[in-house]
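Have a look at the structure below before the remarks.
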Amino acid sequence: MTSDSEDPNDDVQYHLEVSEADVADSVLLPGNPERVEKVVDYWDDHDIVAEHREYRTATGTHDGTPISVTSTGIGGPSAAIALEELARVGADSFIRVGSCGAIQEEASIGDLVITTGAVRQEGTSKEYVREDYPASADHRIVSALVAAAEELGYDYHLGVTCSTDSFYAGQSRPGFEDFEASGSDERIAALQEAGVLNFEMEAATILTLANLYGLRAGAVCTVYANRVTGEFRTEGERKAAKCASLAVSYLAEMDAAVEEADADGWHAGLSIDR
Numbered sequence: 000m001t002s003d004s005e006d007p008n009d010d011v012q013y014h015l016e017v018s019e020a021d022v023a024d025s026v027l028l029p030g031n032p033e034r035v036e037k038v039v040d041y042w043d044d045h046d047i048v049a050e051h052r053e054y055r056t057a058t059g060t061h062d063g064t065p066i067s068v069t070s071t072g073i074g075g076p077s078a079a080i081a082l083e084e085l086a087r088v089g090a091d092s093f094i095r096v097g098s099c100g101a102i103q104e105e106a107s108i109g110d111l112v113i114t115t116g117a118v119r120q121e122g123t124s125k126e127y128v129r130e131d132y133p134a135s136a137d138h139r140i141v142s143a144l145v146a147a148a149e150e151l152g153y154d155y156h157l158g159v160t161c162s163t164d165s166f167y168a169g170q171s172r173p174g175f176e177d178f179e180a181s182g183s184d185e186r187i188a189a190l191q192e193a194g195v196l197n198f199e200m201e202a203a204t205i206l207t208l209a210n211l212y213g214l215r216a217g218a219v220c221t222v223y224a225n226r227v228t229g230e231f232r233t234e235g236e237r238k239a240a241k242c243a244s245l246a247v248s249y250l251a252e253m254d255a256a257v258e259e260a261d262a263d264g265w266h267a268g269l270s271i272d273r
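Going by numbering that gives the first Met the number 0, the first residue of the sequence shown is number 0, and it counts up by one from there.
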């Protein structure tokens, strides 16, 4: 039984200040609250339903499909709070939308990285489950993101992401006065050798919690930096938002196709272009 001290609000969530009527089943999760306005640019309509701390939530429709967006702030701890409270008001599908640093040369500035799974090089998910539990993306959301990227004509890369707790030392960047964390060079080299595509800070937490709770999650990020070529540009900022918004509409069609076919899950034999 949950005591009042652990659950201060019956209806409105403590951090997000949202209730069940405020949020759609599918929610996009950018980090920066300012990015919310850029996400909703591609929707049919929207209303800002809550703003508190780093969390800004808007709900509307995209191609007639209900959709929400909630900013999470930076890192796993605040992203976990967002997912926890969104799940408590009925959301069941989540797409992390953001920017990232590529660690493979072929992932160019402005390309998208669609995450299939994440290295859990962060601490939040470890407070929920053992370290060898996989942070895997939902296959239906991955398929919807790929379909959206193809439809939009965006260059994208499909593979494993590394999520960290530190933008600097955790991603093998120098800290203040060129401080270098122990094993920094070896860590990034090992990830590159394993074929890991990119660094970011929220995907592993979001994917892990979604899997633990029987929910669905994925991630799509625009490449701002390439650690191999040494480039950094905020190019293609809106691509991930547009791809994720379209993916939610595709996801609704995929879900409808599964229901119509009375299938156990989405598979290649079902078409979203019925």
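The beta carbon of each residue, even a glycine, is placed where N, CA and C say it ideally should be. Just so we're clear, the structure is a prediction, and the values are computed from it rather than from any experiment.
Comparing C-alpha positions only, which one of the options sits nearest to residue i?
i: Ala188; options: Asn31, Arg139, Gln170 and Leu269; result: Gln170
i: Glu126; options: Arg87, Ser107 and Ala79; result: Ala79
i: Val145; options: Phe175, Ala117 and Val112; result: Val112
i: Ser77; options: Asp44, Asp164 and Gln103; result: Asp164
i: Ala216; options: Arg237, Tyr153, Ala203 and Gln12; result: Ala203
i: Tyr288; options: Ser183, Ser107 and Ser70; result: Lying outside 0 to 273, the shown extent of the chain, residue 288 is not represented and no answer is given.
i: His138; options: Asp254, Pro29 and Glu83; result: Asp254
i: Val39; options: Val68, Trp265, Ala209 and Phe178; result: Val68
i: Cys161; options: Val11, Val48, Glu234 and Leu206; result: Leu206
So, residue i versus residue j, is the Cβ gap smaller than 9 angstroms?
i: Ser244; j: Tyr41; result: yes
i: Gly75; j: Met200; result: yes
i: Gly97; j: Ala23; result: no
i: Gly30; j: Asp44; result: no
Could you tell me which residues DSSP pairs with residue i in its beta bridges?
i: Glu199; result: Ser162
i: Phe93; result: Val26 and Ala216
i: Tyr54; result: His51
i: Gln120; result: Thr163
i: Ile66; result: Gly59
i: Phe231; result: Ala224
Can you give me the Cβ contacts of residue i inside the same chain, cut-off strictly under 8 angstroms, excluding the 5 residues immediately before and after it?
i: Val247; result: Ser25, Leu27, His61, Thr64, Ile66, Ser92, Ile94 and Ala143
i: Gly174; result: Tyr167, Ala168 and Ala180
Spatial neighbours of residue i within its chain, please: CB distance less than 7 angstroms, with the 5 preceding and 5 following residues excluded, ordered by chain position.
i: Thr228; result: Glu104
i: Arg273; result: Summary for Arg273: the model assigns pLDDT 43, below 50, so the residue's position carries little reliability; its value from the coordinates is reported in the next sentence. So the list reads Ala256, once near-sequence residues are dropped.
i: Glu185; result: none
i: Ala147; result: Cys242, Leu245, Ala246 and Tyr249
i: Tyr212; result: Ala86
Leaving out the 5 sequence neighbours to the left and right, which residues in its chain are closer than 6 angstroms to residue i when beta-carbon positions are compared?
i: Ala224; result: Gly100 and Phe231
i: Ser183; result: Ser171
Please determine if the region 182-201 and the region 100-118 are in contact, where contact requires at least 3 C-beta pairs separated by less than 8 angstroms.
-> Yes: the two stretches touch, three or more of their Cβ pairs being nearer than 8 angstroms.
Count the C-beta pairs between the region 82-90 and the region 123-137 that are closer than 8 angstroms, then say yes if the count reaches three, no if not.
-> no
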